[in-house]
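The block underneath contains the structure these notes are about, expressed in structure tokens.
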Amino acid sequence: MKTTAPSTAAGAPGFARGSTSAAKARPLTLIVNGRRLRITARNRHKNLLTFLREDLDLTGAKRGCGIGLCGACTVLADKRPLRTCRIFVAAVLGRSLTTIEGLAAPNGGLHPLQQAFIDAGAIQCGYCTPGMVLTAHAFLLKHPEPSRAEARRAISANLCRCTGYQQIIDSILAAAPHYRKKE
Amino acid sequence: MDELKEKAWRNDAAAKVTGRVRFTDDIKLPGLLHAVPVYGDYVHARIVAVDTAAATKSRGVVRVITARDVPGSNRCGQILKDLHVLADDKIRYHGDVAAVVVAETRAQAIAAGRRVRVRAEPLPELLDPEAALAPGAPLVHEERGANLIHRHVIRKGDTTRGFAESAHIVEQEFRTPFVEHAYLEPEAAICRVRDDGVLEVRGSMQHPYSTRRFVAEFLGLPLARVEIVGTPMGGGFGGKDDTAALVCARTALAAWLTGRPVKMTYEREWSMRESYKRHPYRMRYRMGVGADGLIRAVECRIVADGGAYCSTSPWVTWRSTVQCCGPYVVPHVEGEVLSVYTNHVFTGAMRGFGSPQVNFAVEQLVEMAAAAAGLSGVEFRRRNMVRQGSTTVTGQVLEGHAVSLSEVFERVLAESGYEDKLRRSSHGQGEDDYYGIGLAMSYRGVSLGAEGTDFCAAVVSVQFDGSVILEAGIHENGQGAESAMILLLAEELGVDRDHIVYRRPSTSAVPDSGTTVASRATIMGGGAVSRAAAAVRLQMAGAVVADLGCRPEEVRFAGSRLTAPGGRDVGFAEAAQRLYRDQKYPYALGVFPAPRVDWDESCGQGRAYFTWVYGCQAVELSVNKRTGRIRLLNAWAAHDVGRAVNWAALLGQFYGGMAMGAGYGLFEEVAMTGGRLRSLNFDTYRIPRSTDMPEMTAIVLENRDPLSPSGAKSIGEPANELMAPAIANAYFHATGRRRCQLPIGGEK
């Protein structure tokens, strides 16, 4: 059985080049991982998670509960965490989405937070990992000097059944210095 | 290993952290159809008809499948073949699947599924295992003649004498609820019929070989024509055994009948409705203690709700039988453990496998007995715990490995500051919130024990350039089994771990190695890897001993070189090439058969497990006086793991197990009304969040196990089976109140 090759946003169909500043002027588009995407009328009424996973083949966002509770479907919308399983594509027109596929550098180099997850042993089954990484990323952008308790609270809405969260919190703290430098 | 303490390593980490890894639902195939299950809204009923006419005519529908379409056997099961893959004669619980709708899109399949009509005559519902055992009770499976699934007994010594010798007797009933595994990835399968006539199955399941049996029997195919291909899995915890195999079997049939690839992905609600749970137990215990503070006798009667199907109930309750008295020396024991059919959702394997329930009872019971005898729980445990050479309640002498219970116990006492904190515990007194500390300890038989035939295979194949392919009959459940085996092999062959590729196992490539449950991945899979590596080392050494001037068994493998005692050496790749030039392969199938165990079913005596692991956990908590809310403040766990293979992954098992155990202790419970689940998603079934958990301290003890080729034992389940009783004991020390029914947390 041959699986579909993992595609990057650049390789997915329907993308056209564009810039963030033009978003407001063209509300029928959506930016996904830096690429502007024209949204057809049909696609506007699709579930956002289904659209990302099925139409764009961005399968990093997962369906865990379908009711916006577990956080496995989290992406970033303008750098803030967004649950995609219960909203339509129309709800995010004009906004800039970052999925887990868009967090690593274009050359495939891991983001320091991703590396921190690996180094701290924060990954087990990996199903919550994309949502967890993006939630932590959004948190660190706003709070680059978190306490351990703050890091713990930051991921309290993302469920993980494998890790007990401890090494995820370790990885957030380990990555924090990077956010103090830039981003 | 030291390097791994600094920086964690997993072979699949980069793919997972970037979202590149493909779980079952992430896989796409050309021409893919989508299937969904259809349930009948009955708890117990005789089926009159499954009317598929309207659904078949629905838009996009390719086929609607019912029991009539099954080409092979519709009954399967690992122990008793009582599982109906598609409901035929009766509906036995609310999650029985009556039909499968296959359509061009998932939305079409779901829409058509609503148009399937299941007509059935309701039957009396059996929702209480004790009532189901009563004479004349209606039967869940008429052909079985009774609702008893299995009865284990344990008889040692003479309890009449034991209680007569006792100065203190305590009695208590304990209850535990249905618990959901709550793996984050719901069940999924994707199947196709290949051009070589083989039915290829990928799915979220932790037992590829039993899945293959289920699929082959269901379709009437030989095993060789069904291939289960290992696929990354989003958590299992014992829960992706039977139900997951059924999902694969139904999807396989859909692909078989339509000739097209088919995917079936479960919604959370379907998963929770249909999938088996951890057994609820009702446990009545009586313990007698002599004036010297030594346990004289234990009596217990345990009834487990097996739900609608047998699944692994006899094995789960067997472990409960063996471990029914906890890690204590008890001269006189009489007990029985029953599993019973009801019309509840069926119950089966879940992390712990029959130990979390009995531990919850026994670890409170010993503290009650200690109090009756005027001893502290610490002193009572010191007097009664198993030690090197002790005889267990099943008559097994604990020898041939380090019996380190005392060691783990004392370490937890010391690191947690237990006795000082116990003195400071509220015991129901004081103005502020209650505060308390508590602990629990256990021994646990490793792997399957006398449950079943236990062996495992691994294939090591060194390529011409010295790179290595490893394949083992162990499934990656997310715990890091692949990485552990790569690390073991790297050490055995003296090569860099990055030179080893773990090939995702296929049931067609590696002989049946059983299921990746029972915390057996590292000890059994690692054992097979060690055996294969030893064979490959001899082959490679044989090719170069003429140059090295030594015997093959003297060659040392390290630093990607083969070195003779005198210092002469050859590169690893060079040695492989010489072997190939000699027309030989550096290739071996390693097999690790578990050392012999024995069991006498009639009296519940025997050498139950070939080795044991020992653990102790403590927890510190506060209880809000007004709301009753419990807050965990700190937790400690000490486990003797034999040997740490992958440090961060090991700690991950500690923490994850403790978190799952904390959920069990505090609030996890599948709510039901009349056999219908009310807990169908995370809004009605709460699992621990990060803010529910305290900081955890892991204490790793390593007494290499001589019976394990790698020295390593187990951690996945030991870590999970102690937190609930530790919380219960801490709650008692905080409030002065015993909670004998799980879950104990929550507002009150």
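So the sequences go chain by chain: G and X.
For the first sequence, counting from 1, position 50 maps to 228 in the numbering used here; every step adds exactly one.
For the second sequence, counting from 1, position 147 maps to 248 in the numbering used here; every step adds exactly one.
Think of the CB as a built atom: it goes at the ideal place given N, C-alpha and C, for glycine as much as any other residue.
Source: prediction; values computed, not measured.
Cα-Cα separation between Pro353(G) and Tyr756(X), rounded to whole angstroms: It is Ala, not Pro, that sits at residue 353(G) in the sequence shown. If you take the alpha carbons of Ala353(G) and Tyr756(X), they lie about 21 Å apart.
Would Ala610(X) pass as an interface residue toward chain G - the criterion being a Cβ-Cβ separation below 8 Å? no
Going by beta carbon distance, what residues of the same chain come within less than 7 Å of Phe461(X), once the five residues before and after it are set aside? Phe275, Thr277, Ala825, Pro826, Ala829 and Leu843
Spatially closest choice to Gly574(X) from Phe565(X), His308(X), Tyr429(X) and Gly389(X), by CA coordinates: The alpha carbon of Gly574(X) has as its nearest neighbour, out of Phe565(X), His308(X), Tyr429(X) and Gly389(X), the alpha carbon of His308(X).
For the region 482 to 553 of chain X, list the alpha helix (DSSP H) runs that are entirely contained and at least 4 residues long, ordered along the chain. List check, alpha helix (DSSP H) in window: 506 to 517 and 519 to 525.
Chain G contacts made by the region 279 to 296 of chain X, where a contact means CB separation under 7 Å: Ala283, Tyr284, Leu285, Glu286 and Arg293
Can you pull the chain X residues whose beta carbon is under 8 Å from the beta carbon of Val311(G), in chain order? When 8 Å is used as the limit between beta carbons, Val311(G) is near these residues of chain X: Val118, in chain order.
Leu329(G) versus Gln344(G): straight-line alpha-carbon distance, rounded: The question names Leu, but residue 329(G) in the sequence shown is Ala. Ala329(G) and Gln344(G): Cα-Cα distance of roughly 10 Å.
What does Phe295(G) touch in chain X if you count any residue whose Cβ is under 8 Å from its own? In chain order, Ala114 and Val118 make up the part of chain X whose C-beta sits under 8 Å from the C-beta of Phe295(G).
Alpha carbon of Val151(X) to alpha carbon of Ile403(X), nearest angstrom: Looking at the backbone, the Cα of Val151(X) and that of Ile403(X) are separated by about 39 Å.
Let me know if Thr262(G) comes out buried or exposed under the rule of 16 or more other beta-carbons within 10 Å of its beta-carbon. Buried is the call here.
Any beta carbon from chain X within less than 8 Å of Ala283(G)'s own beta carbon? no
Measuring straight from C-alpha to C-alpha, what distance separates Ile278(G) and Thr313(G)? 10 Å
Of the residues Ile347(G), Pro324(G) and Asp348(G), which one's Cα is nearest the Cα of Arg358(G)? Pro324(G)
Considering just the uninterrupted stretch of the beta strand (DSSP E) at Tyr442(X), what are its terminal residues? First-last of the beta strand (DSSP E) with Tyr442(X): His433 to Tyr442.
Excluding sequence positions up to five away, which residues of its chain have a Cβ less than 6 Å from the Cβ of Ala405(X)? His380, Tyr382, Thr418 and Ser440
Verify the CB distance criterion: does Arg258(G) have a CB-CB separation below 8 Å to chain X? no
In the DSSP assignment, what are the bridge partners of Phe264(X)? DSSP lists no partner for Phe264(X).
Tell me which residues of the region 469 to 502 of chain X have at least one Cβ-Cβ distance to chain G shorter than 7 Å, keeping chain order. none
Taking just the CA atoms, how far does Ala300(G) sit from Glu107(X)? 14 Å
Check whether chain X comes within 8 Å of Arg331(G), counting only Cβ atoms and requiring the distance to be less than that. yes
Thr785(X): buried (16+ other C-beta within 10 angstroms of its C-beta) or exposed? With fewer than 16 other Cβ atoms within 10 Å, it is exposed.
State the DSSP-derived secondary structure class of Leu324(X), mapped to helix, strand or coil. helix
Length-filtered (3 minimum) beta strand (DSSP E) runs lying within the region 250 to 275 of chain G: 252 to 255 and 258 to 261
What are the uninterrupted segments assigned as alpha helix (DSSP H) that are 4 or more residues long and contained completely in the region 301 to 358 of chain G, given in chain order? 307 to 320 and 326 to 332
Flag this pair as yes or no: are the beta carbons of Lys378(X) and Thr448(X) separated by less than 8 Å? yes
Cβ-Cβ distance between Val637(X) and Ala559(X) below 8 Å: no
Output the distance between the C-alpha atoms of Ala88(X) and Ala409(X), rounded to the nearest integer angstrom. For residue 88(X) there is no data in the structure shown, the boundaries of chain X being 102 and 849.
Taking only three categories from DSSP, how would you classify Lys202(G)? With a pLDDT of only 45 at Lys202(G), under the threshold of 50, the placement of this residue in the model should not be trusted; the figure read from the coordinates follows. Reduced to three states, the DSSP call for Lys202(G) is coil.
Can you find a C-beta in chain X that's less than 8 Å from the C-beta of Arg339(G)? yes
Using a Cβ-Cβ cutoff of 8 Å, what residues of the region 734 to 746 of chain X are near chain G? List them in chain order. none
Lys364(X) lies in the beta strand (DSSP E); which residues open and close that run? It spans Val363 to Thr366 - the beta strand (DSSP E) in which Lys364(X) sits, taken as one unbroken run.
Chain G partners of Val122(X), CB-CB under 7 Å? Ordered by position in chain G, the residues that pass the 7 Å Cβ test against Val122(X) are Gly304.
What are the start and end residues of the alpha helix (DSSP H) that includes Trp371(X)? Arg369 to Glu375
Looking at C-alpha atoms only, which residue of Thr495(X), Gly455(X) and Tyr310(X) is the closest neighbour of Phe556(X)? Tyr310(X)
Helix, strand or coil: which one does DSSP assign to Asn225(G)? strand
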